[in-house]
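Participant: I have a structure here, written as structure tokens, and I will follow up with some questions on it.
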Amino acid sequence: MHYSPTPLHIPDGFLSIYVAIVFWIVTLMLVVYALKRVNQDLGERQVPLMGVLAAAIFAGQMLNFAVAGGTSGHMLGATLATILLGPWAAILVMTCVVGVQALIFQDGGLLALGANIFNMAIIGVSVSYFAYRTVQKLAGGKPWGLYVGGFAAAWLAVFVAALATALELAISGTSPANIALPTMGAVHALIGIAEGLITIGALAFLAAVRPDLVKRNKAEVPAGRVVWLVGLVIALGLAVLSPLASSHPDGLEWVAEQQGFIGLAQSPLYEIIPDYAFPGISSEAVATIVAGLLGTTLVFVVALGLAYSRRKRSSPVES
Amino acid sequence: MHVHFLDPYKPRPSLIHAFDPRVKLVLALAFILAVALTPIGAWPVYVLLFAVIVSVVMLSELGVGYVLKRSALALPFVLAAVPILFTAQGVPLLAVPVGPWTLTITVEGLQRFITILLKSWLSIQMAIVLAASTPFPQLLVAMRAVRMPRLIVAVVGLMWRYLFVMVDEVLRLLRARTARSGDPGLPGARVGGSLAWRARVTGGMAGNLLVRSFDRGERIYAAMAARGYDGEVRTFALPPIPTGQRLILGIGLAVLLLLVMLGYLV
């Protein structure tokens with residue numbers, strides 16, 4: 001089973017602790033709000049329907065097609081979920097998908113999960129919703145609104161989520177903004193085209209087979225206006241912020257420096273236990289050697305214990 | 320064809336497998352948090368954290384090779400951190416001529432890059448051990464214990480139950496496409512149609528998958544309603560955590576705290 005990680009799943013270690021925690025808090029609040037909305041809108045069939053759809057979107061990411069040079073396009077699913085379920089349920093479904101990818105398949109980190117859910121579930125869905133609804137309004141109910149809207153939503157969702165990922169990495173001091181943003185943006189502008197084409201194909205199929213699913217306009221929910229606005233703000237904000245950040249990396253550097261400053265602010269620990277705490281471990285080289293010895297001892301003891309318990313376990317079988 | 324092999328859980332008679340899932344989840348998250356909190360360039364602490372994770376991997380009897388192989392999953396993302404080698408301000412270490420430019424690796428950049436690599440490698444190994452040593456239903460119990468919203472836990476539980484069914488569904492769709500010679504997986508083999516056509520076929524498959532899952536969702540709901548489901552998610556009360564495990568939890572958290580503090584000392 002090849003389950004290729006998409007470059008949008010940030011592993012642990014790539015986000016600074018502050019960025020990771022802020023995104024966890026923001027994401028949790030939004031997901032809890034979405035839960036409340038879904039409780040009102042969908043009623044009791046929500047659990048089976050969302051569970052199966054989450055499974056389908058997870059499995060659907062195996063659907064791919066050859067693009068060029070050995071690369072292939074994948075379905076990501078945020079846009080289709082938004083069109084079929086409406087924004088609130090789509091946020092929950094995508095949250096479950098991204099969560100299971102991280103928890104079970106290590107596709108994305110656990111500490112970085114807040115940011116990953118934010119990028120793929122919250123940005124993906126709200127930007128999709130914004131683009132889809134806008135095009136539908138412009139089309140005034142004509143059939144091309146469905147396809148153009150679906151393509152625009154899918155492309156924009158992937159592109160904006162990629163920009164957000166790059167910005168998060170830049171703020172964390174992992175990747176410089178003036179390199180990460182254009183690279184991630186360019187790669188995902190191409191991936192977005194594949195995603196958009198798949199979305200058109202899926203919508204064409206659904207419109208032919210189950211027109212009730214796409215035509216009844218699930219997307220038109222009360223207070224959908226809020227999601228529309230959030231999508232607009234995120235898309236616009238990142239579109240404006242990204243070129244700014246990549247041409248003036250100083251701004252982000254400043255943020256990183258602030259974080260370095262926070263890191264320094266924690267060093268009073270130093271003052272609490274000055275030199276006498278670890279006599280002899282003043283230089284880092286010595287400390288590293290001591291740590292190496294300690295670590296080796298620990299591993300050795302564990303190995304010895306394991307070998308011993310194995311022998312004890314297997315000996316009754318032999319006798 | 321069934322895809323039960325997708326499940327990363329590997330049963331072993333190990334100490335780690337026998338832990339209470341709640342203790343395991345909290346300790347694994349605490350370890351990842353501790354790794355994240357360890358400052359850049361605190362090498363002694365990274366050595367100790369590495370010893371901890373190697374010990375845990377060995378105790379879990381999953382096989383060091385298995386965990387190492389799976390931990391390569393985060394490797395492609397390392398690309399994102401490569402530029403930091405050259406852009407971080409600091410003492411120049413090495414100049415690499417690339418065409419008309421010279422890229423200078425700085426000591427600070429190298430330190431930061433290696434730290435990021437180590438952090439992500441240590442964290443992913445712990446996540447692998449957690450997933451491979453805990454059956455999914457037990458993970459759901461642990462998720463409830465750390466106060467995840469009940470509805471999310473219920474949806475994830477149902478998602479897991481039907482994940483394998485849906486993956487089977489996808490495999491059937493893929494096989495049908497391969498049988499009609501549209502296989503994208505064979506290198507060098509000609510794939511049929513134009514790019515737009517191939518995308519449309521894949522889109523049709525995605526749409527088909529969603530229609531099937533909608534229908535399945537309705538059937539599942541009907542079956543649940545027939546068995547008395549009224550929209551309320553009911554769960555058993557969680558059993559208490561044994562005292563010994565509580566002790567291990569406390570010791571584990573204390574050791575991790577100590578390691579993080581050490582990181583700021585050296």
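Residue numbers (my numbering), protein chains in the order written: chain A, 1 to 319; chain B, 320 to 585.
Just so it is clear, CB atoms sit at the ideal spot from N, CA and C, and this is done for glycine as well.
Quick check: the stretch 344-354 of chain B against the stretch 293-305 of chain A, are there 3 or more CB pairs under 8 Å?
Facilitator: No: fewer than three Cβ pairs fall under 8 Å.
Participant: Can Ala-525(B) and Leu-63(A) be called in contact, C-beta distance under 7 Å?
Facilitator: Taking 7 Å as the Cβ cut-off, Ala-525(B) and Leu-63(A) qualify as a contacting pair.
Participant: CB-CB under 7 Å to Leu-156(A), same chain, minus the five flanking residues each way: which ones, in chain order?
Facilitator: Only Val-127, Ala-131 and Ala-235 meet the Cβ criterion.
Participant: Select from Gly-13(A), Ser-175(A), Ala-303(A) and Gly-60(A) the residue whose C-alpha is nearest the C-alpha of Gly-382(B).
Facilitator: Ranking Gly-13(A), Ser-175(A), Ala-303(A) and Gly-60(A) by Cα distance to Gly-382(B) puts Ala-303(A) first.
Participant: Can you check DSSP and say which residues form a bridge with Thr-406(B)?
Facilitator: None, per the DSSP bridge assignment.
Participant: What does Pro-340(B) reach in chain A if we use C-beta pairs closer than 8 Å?
Facilitator: Those within 8 Å of Pro-340(B) in chain A number zero; the least Cβ separation is about 12 Å.
Participant: Less than 7 Å between the C-beta atoms of Val-19(A) and Ser-242(A), yes or no?
Facilitator: It is not a contact, given that the beta carbons lie outside the stated cut-off.
Participant: Only counting the same chain, and skipping five residues up and downstream in sequence, which positions put a Cβ closer than 6 Å to that of Pro-327(B)?
Facilitator: Closer than 6 Å at Cβ, skipping near neighbours: Ala-450 and Ala-451.
Participant: Taking Cβ-Cβ distances shorter than 7 Å, what residues in chain B pair up with Ser-242(A)?
Facilitator: Within chain B, no residue comes near Ser-242(A); the closest Cβ sits about 16 Å away, beyond 7 Å.
Participant: Taking the beta strand (DSSP E) that Leu-412(B) falls in, what are its first and last residues?
Facilitator: 411-417 is the extent of the beta strand (DSSP E) around Leu-412(B).
Participant: Please compile the residues from chain A whose C-beta is within a distance smaller than 8 Å of the C-beta of Ser-442(B).
Facilitator: In chain order: Pro-11, Asp-12, Gly-13, Gly-109, Leu-110 and Leu-111.
Participant: For chain B, check one thing: does any of its Cβ atoms lie closer than 7 Å to the Cβ of Ala-265(A)?
Facilitator: At Ala-265(A) the pLDDT is 39, less than 50, meaning the model places this residue with poor confidence; the figure from the coordinates comes in the next sentence. Taking Cβ atoms only, chain B never reaches closer than 7 Å to Ala-265(A), which makes this a no.
Participant: Here's a check: name, in chain order, each residue in its chain whose Cβ is nearer than 7 Å to the Cβ of Gly-409(B), leaving out the five neighbours to either side.
Facilitator: Only Thr-425, Val-426, Glu-427 and Gly-428 meet the Cβ criterion.
Participant: Spell out a yes or no on whether the stretch 161-179 of chain A and the stretch 382-391 of chain B are touching, meaning 3 or more CB-CB pairs, one atom from each, closer than 8 Å.
Facilitator: With the cut-off at 8 Å, the stretch 161-179 of chain A and the stretch 382-391 of chain B do not touch.
Participant: May I have the straight-line CA-CA distance separating Thr-421(B) from Leu-404(B), to the nearest angstrom?
Facilitator: Roughly 13 Å between the two C-alpha positions.
Participant: Nearest-angstrom Cα distance between Ser-267(A) and Leu-578(B)?
Facilitator: Summary for Ser-267(A): the model assigns pLDDT 41, below 50, so the residue's position carries little reliability, and this model does not support an answer.
Participant: Does DSSP put Thr-174(A) in a helix, a strand or coil?
Facilitator: DSSP places Thr-174(A) in coil when its eight states are reduced to three.
Participant: Determine the burial state of Val-230(A): buried for a count of at least 16 other Cβ atoms within 10 Å of its Cβ, exposed for fewer.
Facilitator: So Val-230(A) counts as buried.
Participant: Is Ile-117(A) near Val-93(A), with beta carbons less than 7 Å apart?
Facilitator: No. Outside cutoff.
Participant: Could you check if Ala-573(B) is buried or exposed, using at least 16 other CB atoms within 10 Å of its CB as the buried criterion?
Facilitator: Burial call: exposed.
Participant: Report all residues from its chain with a CB closer than 6 Å to the CB of Val-373(B); omit the five preceding and five following residues, and keep chain order.
Facilitator: Counting only Cβ-Cβ distances below 6 Å, and skipping sequence neighbours, we find nothing.
Participant: Within 10 angstroms of the Cβ of Thr-82(A), are there 16 or more other Cβ atoms? Answer buried if so, exposed if not.
Facilitator: With 16 or more Cβ atoms within 10 Å of its Cβ, Thr-82(A) is classed as buried.
Participant: Is the beta carbon of Ala-139(A) sitting closer than 7 Å to the one on Gly-145(A)?
Facilitator: Against a cut-off of 7 Å, the Cβ pair of Gly-145(A) and Ala-139(A) comes out as a contact.
Participant: Could you compute how far the alpha carbon of Ile-351(B) sits from the alpha carbon of Phe-369(B)?
Facilitator: So the two alpha carbons sit approximately 12 Å from each other.
Participant: Whose Cβ in chain A lies nearer than 8 Å to the Cβ of Ile-351(B)?
Facilitator: Here the neighbours are Asp-12, Gly-109, Leu-110 and Leu-111.
Participant: Please classify Val-472(B) as buried or exposed, where buried requires at least 16 other C-beta atoms within 10 Å of its C-beta.
Facilitator: Answer is buried; the Cβ neighbour count reaches 16.
Participant: To which residues of the same chain is Gly-149(A) closer than 6 Å at the C-beta, ignoring the five residues directly before and after it?
Facilitator: Cβ neighbours of Gly-149(A) beyond the five flanking positions: Tyr-132, Val-135 and Gln-136.
Participant: Can you tell me whether Lys-36(A) is buried or exposed? The criterion is at least 16 other CB atoms within 10 Å of its CB, across all chains shown.
Facilitator: Label assigned to Lys-36(A): exposed.
Participant: Under a Cβ-count criterion, where at least 16 other Cβ atoms within 10 Å of its own Cβ denotes burial, should Gln-40(A) be classed as buried or exposed?
Facilitator: It counts as exposed.
Participant: Can you look up Thr-423(B) in the DSSP assignment and give me helix, strand or coil?
Facilitator: If DSSP states are grouped into helix, strand and coil, Thr-423(B) belongs with the strands.
Participant: Going by the beta-carbon positions, is the gap between Phe-324(A) and Thr-174(A) smaller than 7 Å?
Facilitator: This structure gives no information on residue 324(A), because the portion of chain A shown stretches from 1 to 319.
Participant: Which two residues bound the contiguous alpha helix (DSSP H) that contains Ile-117(A)?
Facilitator: 113-117 is the span of the alpha helix (DSSP H), which, as asked, contains Ile-117(A).
Participant: Does any CB atom of chain B fall closer than 7 Å to the CB of Glu-44(A)?
Facilitator: Chain B, which has a Cβ nearer than 7 Å to the Cβ of Glu-44(A), makes this yes.
Participant: Do you know offhand how far Asp-212(A)'s Cα is from Gln-457(B)'s?
Facilitator: Near 39 Å, if we compare the C-alpha coordinates of Gln-457(B) and Asp-212(A).
Participant: Nearest CA to the CA of Arg-466(B): which residue from Ala-177(A), Asp-12(A), Val-32(A) and Ala-194(A)?
Facilitator: Ranking Ala-177(A), Asp-12(A), Val-32(A) and Ala-194(A) by Cα distance to Arg-466(B) puts Val-32(A) first.
Participant: Which bits of chain B does Phe-58(A) rub up against, with CB to CB less than 9 Å?
Facilitator: Under the 9 Å cutoff, chain B gives Met-478, Leu-482, Met-485 and Val-486.
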